[in-house]
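Here the structure is laid out as structure tokens; the discussion comes afterwards.
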Amino acid sequence: MLNIKIFGIVQGVGFRPFISRIANANNIVGNVANRGSYVEIFAQGSDNDLKNFLDDINHKNPPRSTILKIDINNLPDKNFSDFQIVDSVHEAGDIFVSPDIAICDKCAEELFDPNNRRYLHPFINCTACGARLTIMKNMPYDRERTSMSEFPMCDACKEEYFNPDSRRYDAQPICCNDCGCEVYLLGKNLRGHDAIKFTRKILANGGIVAIKGIGGFHLACDARNFDAVQRLRNSKTRPTKPFAVMFRNIDAIKRECFLSDVEKTFLDSPQKAIVLLETRDLGLGTKVAKNVAPNINKLGVMLPYTPLHMLIFNFPDSLLPYFPTSLVMTSGNPSGVPITIDDDDAIKNFDFCDAILSHNRKILLRADDSVMDFIDNRPSMIRRSRGYAPLPVFYEGGKRSVLAIGGELKNTFCLAKNNLLYASPYIGDVSNLQTVEVLKKSIRRMSDLLEITPEVIACDLHPRYQTTALAEKISAESNIPLIKIQHHYAHILSCMAENNFHGEVIGVAFDGTGYGDDGTIWGGEFFICNEKTYERAAHIEKFTQAGGDKSAREGWRIAVALMKNLDAARELNLADDINLRGQKFLLDKNINCVTSTSVGRIFDAVAAILGICKISTYEGEAAMRLQACAEHSNKKFRAEFMTTDKIFDEILNRRLNGENVNDLARLFHELLAEMTAQICEELSFKTKIKTVALSGGVFQNSLLSSLTTDKLQRRGLKVLRHELIPPNDGGLCIGQAVKAMHIF
Ligand code: ZN
Ligand code: ZN
Ligand code: FE
């Protein structure tokens with residue numbers, strides 16, 4: 000008899016029914032059990048049958064499962080008469096929690112089959128699809144430990160749930176038109192299909208509806224309707240930040256955007272992230288309103304990923320031929336606060352909506368949509384959340400249990416144990432007390448779920464981050480040692496961890512703002528580092544940020560600091576004269592000034608002098624628009640080495656000479672990439688290190704990343720980049736965890 004232990008994503012993905020099926024097919028007797036952290040099998044049969052059985056485990060495993068490790072032991076035979084699935088037994092160990100999974104093709108087909116008993120059922124799911132992480136209380140994954148526990152199953156569902164031949168055998172969120180959760184409109188006496196039809200009517204007529212999904216509420220409106228989009232912008236006080244759009248299907252997306260094969264694969268994957276796609280030229284048959292994603296050449300698009308989304312687009316009512324093929328679907332949250340998940344908050348927060356479509360399946364953990372861009376045809380995660388969290392990153396070398404609390408903006412936190420780093424779903428900006436509460440609660444829930452009790456806590460070095468204060472508090476209350484890790488070093492470690500790279504690297508961290516070892520703002524750093532230590536080997540030229548928070552939003556203020564006098568600022572009309580002189584005064588008198596090496600701010604300054612964006616209305620706006628302009632230029636430059644001061648002067652002088660703005664945006668990217676490559680080459684020559692890790696929010700810029708990578712590779716250097724962990728502060732917790740694992 001073989002005793003087989005399978006580790007990996009084997010919970011909530013139909014693994015036990017799969018084992019039972021292949022056991023029967025191969026004449027194997029014995030049993031299979033969910034052990035919380037792994038699946039354990041006792042299998043008895045002829046040598047040949049056992050061999051085929053093991054082959055099937057390795058090659059026919061369910062599409063959503065991931066096998067990480069299989070342990071096999073020989074044991075004496077027992078008296079089994081058949082193959083059985085035994086009830087879940089809980090044991091401590093490494094835990095692999097499945098992320099939420101988009102509706103599968105089979106369920107989507109049944110959803111619109113009038114002869115199916117789940118015809119038009121907004122919560123149809125099976126062992127291969129549906130909510131997971133967001134409805135789980137603790138492990139092992141069984142119905143009574145999810146938010147489905149309050150809904151008794153009807154007889155027909157019970158039949159399927161206990162029948163090993165059913166697609167829904169052991170599917171925890173199983174329900175149907177006769178049992179389980181339902182949708183309803185808040186404040187109106189409409190439920191089920193009536194509520195969905197009413198929602199469609201409002202959306203088709205230009206209204207705004209808040210819709211409860213898997214990990215929180217969305218705010219939705221017709222993406223083609225300029226006025227509706229504008230009303231949503233005004234209500235959310237979000238003047239220009241791009242909205243994501245959900246399209247009815249791939250064809251509808253192709254009419255608006257260019258779509259490569261790789262992009263299509265990710266767009267249509269079980270994770271169903273928001274994917275940033277290049278938009279077709281406006282005016283050539285495109286329909287999405289211009290105010291959905293103003294001033295940039297990309298659109299964040301996604302496909303319907305829940306049965307409810309599909310019903311909203313395709314419900315067979317009289318509106319079907321006219322219903323919009325694209326809807327704005329933006330996270331439903333008041334500005335600066337995490338996504339709304341329950342009805343009471345929805346009523347408070349969404350009073351401007353024409354309807355609120357909710358449901359009674361509780362969301363236990365928030366999960367925003369994940370957002371992904373592409374660089375050189377490889378994914379580049381911008382926000383890692385639903386569908387990806389909490390899949391672990393594997394990084395050998397640390398057994399210690401760690402809580403890494405992350406940064407303050409784009410916060411995610413990480414729990415780590417036994418070489419596995421589990422990053423949480425997106426929490427967001429943790430700069431007010433309400434968000435700190437959400438962060439605290441989420442930490443508690445995730446530690447329960449993953450059964451991790453931290454032995455060490457890690458946080459950023461920044462003395463004024465709310466996350467630093469929280470880490471200090473948890474550390475003091477629980478008597479757990481706390482370590483503080485420099486922001487940009489954590490960025491580089493996160494990139495090394497994602498690539499499972501051990502040893503010395505040249506780390507290039509280009510970023511917006513991070514607290515440096517010397518108390519100044521860092522963000523243009525070249526490190527020589529490994530998992531244990533780092534040295535700041537070089538940095539871009541220091542400049543002065545004057546004007547506090549405003550200096551991080553208003554690129555013209557940085558431009559003034561980089562200029563010798565106000566003549567050029569006046570000529571380029573960077574700001575009115577009072578503001579220009581005010582800014583110059585702060586700089587000259589050293590009032591409200593900090594020293595900075597932030598590359599993010601250099602982007603802002605260049606965008607300002609090129610007249611592309613003088614004041615950002617959302618984080619990263621200037622850089623995104625500068626990149627969009629650069630991508631409109633076909634001009635080839637031969638870039639020479641220049642320091643950032645010289646680069647700024649060069650762009651400024653050419654601008655004053657009236658050169659084309661798009662070309663200059665392009666030149667700026669080329670010069671910055673060239674500078675980076677040459678500094679790395681020099682550091683490599685000195686240290687003999689041949690690997691460069693690129694991280695920090697600035698490397699979200701696909702043009703800069705691509706140019707820099709190319710120039711480094713031409714110099715014989717190996718480049719490590721992020722793919723599924725964000726280079727921005729959303730990936731910071733992973734780097735902090737790596738350092739904490741290696742501290743003693
Ligand atoms: Zn399914
Ligand atoms: Zn039922
Ligand atoms: Fe950062």
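To convert, note that position 453 of the sequence shown is 452 in numbering that gives the first Met the number 0; the numbers rise steadily by one, no gaps. For every residue, glycine included, the Cβ atom is placed at its ideal position computed from N, Cα and C. Here the structure is a predicted model, which means the values were calculated and not measured.
Of the listed residues L481, D587 and S694, nearest to V598 (C-alpha basis):
Residue numbering aside, residue 598 sits at position 599 when the sequence shown is read from its first letter. That would be S694, whose Cα lies nearest to the Cα of V598.
Between which two residues does the beta strand (DSSP E) carrying I527 extend?
In the sequence shown, residue 527 corresponds to position 528, counting from 1. Judged by DSSP secondary structure, I527 falls within the beta strand (DSSP E) whose first and last residues are I520 to C528.
For A32, write down the residues that DSSP places opposite it in a beta bridge.
Taking the sequence shown and counting its residues from 1, one reaches residue 32 at position 33. Beta-bridge pairing links A32 to E39 and V85.
Among the candidates D548, V559 and M371, whose CA atom is the shortest distance from the CA of F542?
Numbered from its first residue, the sequence shown carries residue 542 at position 543. When each option's Cα is compared against that of F542, the closest is V559.
Is F393 buried or exposed, if buried means 16 or more other CB atoms sit within 10 Å of its CB?
Walking along the sequence shown from the start, residue 393 turns up at place 394. Per the 10 Å Cβ criterion, exposed.
Can you give me the C-alpha to C-alpha distance between L716 and V691, rounded to a whole angstrom?
Here residue 716 refers to the residue found at position 717 when the sequence shown is read from its first residue. Here residue 691 refers to the residue found at position 692 when the sequence shown is read from its first residue. Answer to the nearest angstrom: the Cα atoms are 7 Å apart.
Exposed unless 16 or more other CB atoms sit within 10 angstroms - verdict on N332:
Numbered from 1 along the sequence shown, position 333 holds the residue referred to as residue 332. Buried, since its Cβ has 16 or more Cβ neighbours within 10 Å.
Which of helix, strand or coil DSSP assigns to K439:
Taking the first residue of the sequence shown as position 1, residue 439 is located at position 440. Of the three classes helix, strand and coil, the one that applies to K439 here is helix, per DSSP.
Contact check, V401 vs A457 under 8 Å by CB: the rounded distance?
Position 402 of the sequence shown, counted from the start, is the residue given in the question as residue 401. Position 458 of the sequence shown, counted from the start, is the residue given in the question as residue 457. 6 Å between Cβ atoms; contact.
Closest by C-alpha distance to I362, when choosing among K635, H487 and K136
Looking up residue 362 in the sequence shown gives position 363. Closest option to I362, Cα to Cα, is K136.
Please name the residue or residues paired with M380 in a DSSP beta bridge.
Walking along the sequence shown from the start, residue 380 turns up at place 381. Note: M380 sits in a beta bridge opposite M371.
Compare the beta carbon distance of L579 and A606 with 7 Å and say whether it is the shorter of the two.
If you number the sequence shown from 1, residue 579 lands on position 580. If you number the sequence shown from 1, residue 606 lands on position 607. No, these two residues do not count as a Cβ contact at 7 Å.
Evaluate L319 with the Cβ neighbour count: other Cβ atoms within 10 Å of its Cβ, from every protein chain shown; 16 or more gives buried, anything less gives exposed.
As a position in the sequence shown, residue 319 is number 320, starting the count at 1. Exposed is the label assigned to L319, since fewer than 16 other Cβ atoms lie within 10 Å of its Cβ.
Assuming A127 and V12 form a contact by the criterion Cβ under 8 Å, report the distance between their Cβ atoms to the nearest whole angstrom.
For this step, residue 127 is matched to residue 128 along the sequence shown. For this step, residue 12 is matched to residue 13 along the sequence shown. Between V12 and A127 the Cβ distance is about 7 Å, and since that is below 8 Å, they are a contact.
By DSSP, does Q735 sit in helix, in strand, or in coil?
Along the sequence shown, read from residue 1 onward, the residue named residue 735 stands at position 736. It is helical.
Confirm the yes/no value for this check: CB of G785, any heavy atom of ligand 3, distance under 6 Å.
Outside the displayed range of the chain (0 to 743) lies residue 785, so it cannot be described from this structure.
Alpha carbon of T512 to alpha carbon of I102, nearest angstrom:
Mapped onto the sequence shown, residue 512 falls at position 513. Mapped onto the sequence shown, residue 102 falls at position 103. Straight-line Cα distance between these residues: approximately 39 Å.
Quick check: the Cα distance between Q699 and L561, rounded to an integer number of angstroms?
One-based indexing of the sequence shown puts residue 699 at position 700. One-based indexing of the sequence shown puts residue 561 at position 562. So the alpha carbons of these two residues sit roughly 24 Å apart.
Of all the options W521, S97, D575 and N23, which has the alpha carbon lying nearest to the alpha carbon of D81?
Within the sequence shown, residue 81 is the residue found at index 82, counting from 1. Residue N23 is the option with its Cα nearest to D81.
What separation, rounded to the nearest whole angstrom, lies between the Cα atoms of S683 and A629?
Here residue 683 refers to the residue found at position 684 when the sequence shown is read from its first residue. Here residue 629 refers to the residue found at position 630 when the sequence shown is read from its first residue. Using only the alpha carbons, I get a separation of about 30 Å.
If we call anything under 7 Å between Cβ atoms a contact, is F640 one with Q677?
Locating residue 640 in the sequence shown gives position 641, counting from the first residue. Locating residue 677 in the sequence shown gives position 678, counting from the first residue. Yes, these two residues count as a Cβ contact at 7 Å.
Contact defined as beta carbons within less than 8 Å: I believe C125 pairs with A170. What is the distance between those atoms, to the nearest angstrom?
Working through the sequence shown from its first residue, we reach residue 125 at position 126. Working through the sequence shown from its first residue, we reach residue 170 at position 171. That belief holds up - the Cβ atoms of C125 and A170 are roughly 5 Å apart, short of 8 Å.
C-alpha distance - Y168 paired with R20, whole-angstrom precision
Taking the first residue of the sequence shown as position 1, residue 168 is located at position 169. Taking the first residue of the sequence shown as position 1, residue 20 is located at position 21. Using only the alpha carbons, I get a separation of about 11 Å.
Could you tell me whether any non-hydrogen atom of ligand 3 is closer than 6 Å to the CB of D774?
There is simply no residue 774 to check, as the chain begins at 0 and stops at 743 in what is shown.
CA-to-CA distance, A621 to I611, given in whole angstroms
In the sequence shown, counting from the first residue as 1, residue 611 sits at position 612. In the sequence shown, counting from the first residue as 1, residue 621 sits at position 622. Computed Cα separation, rounded: 7 Å.
Cβ-based burial, N204 [other Cβ within 10 Å; buried from 16]:
Along the sequence shown, read from residue 1 onward, the residue named residue 204 stands at position 205. Per the 10 Å Cβ criterion, exposed.
At the level of alpha carbons, what is the spacing between M757 and M328?
Missing from the structure shown is residue 757; the chain here goes from 0 to 743 and no further.
Beta-carbon separation of V31 and I5 under 7 Å?
On the sequence shown, position 32 is the one that residue 31 refers to. On the sequence shown, position 6 is the one that residue 5 refers to. Contact: no.
What ranges does the beta strand (DSSP E) occupy inside the segment 419-499, keeping only unbroken runs of at least 3 residues that lie completely in it?
419-422, 455-459 and 481-484
If distances are taken between C-alpha atoms only, which option among A194, M147, N410 and H721 comes closest to I491?
Here residue 491 refers to the residue found at position 492 when the sequence shown is read from its first residue. Per the Cα distances, H721.
Is it right to say T466 is buried, meaning 16 or more other beta carbons lie within 10 angstroms of its own, or is it exposed?
Mapped onto the sequence shown, residue 466 falls at position 467. When all chains shown are included, T466 counts as buried.
Check each candidate in L719, F322, C180 and Q229 and name the one with the smallest Cα separation from V291.
Sequence index remark: in the sequence shown, residue 291 carries index 292 (1-based). Answer by Cα proximity: Q229.
Can you list the beta strand (DSSP E) stretches of 3 or more residues lying completely in the segment 242-307, in chain order?
243-246, 273-277 and 297-301
For K685, the nearest candidate out of V737, A243, I505 and I451 (CA to CA)
On the sequence shown, position 686 is the one that residue 685 refers to. K685 has its Cα closest to that of I505, out of V737, A243, I505 and I451.
How many whole angstroms separate the CB atoms of M152 and Y140, which I take to be in contact at a CB cut-off of 8 Å?
As a first step, residue 152 must be located in the sequence shown, where it is residue number 153. As a first step, residue 140 must be located in the sequence shown, where it is residue number 141. Going by Cβ atoms, the distance from M152 to Y140 rounds to 16 Å, so no, they are not a contact pair.
From I608 to K549, what does the alpha carbon distance come to, in whole angstroms?
As a working note, residue 608 is residue 609 in the sequence shown. As a working note, residue 549 is residue 550 in the sequence shown. The alpha-carbon atoms of I608 and K549 are separated by roughly 17 Å.
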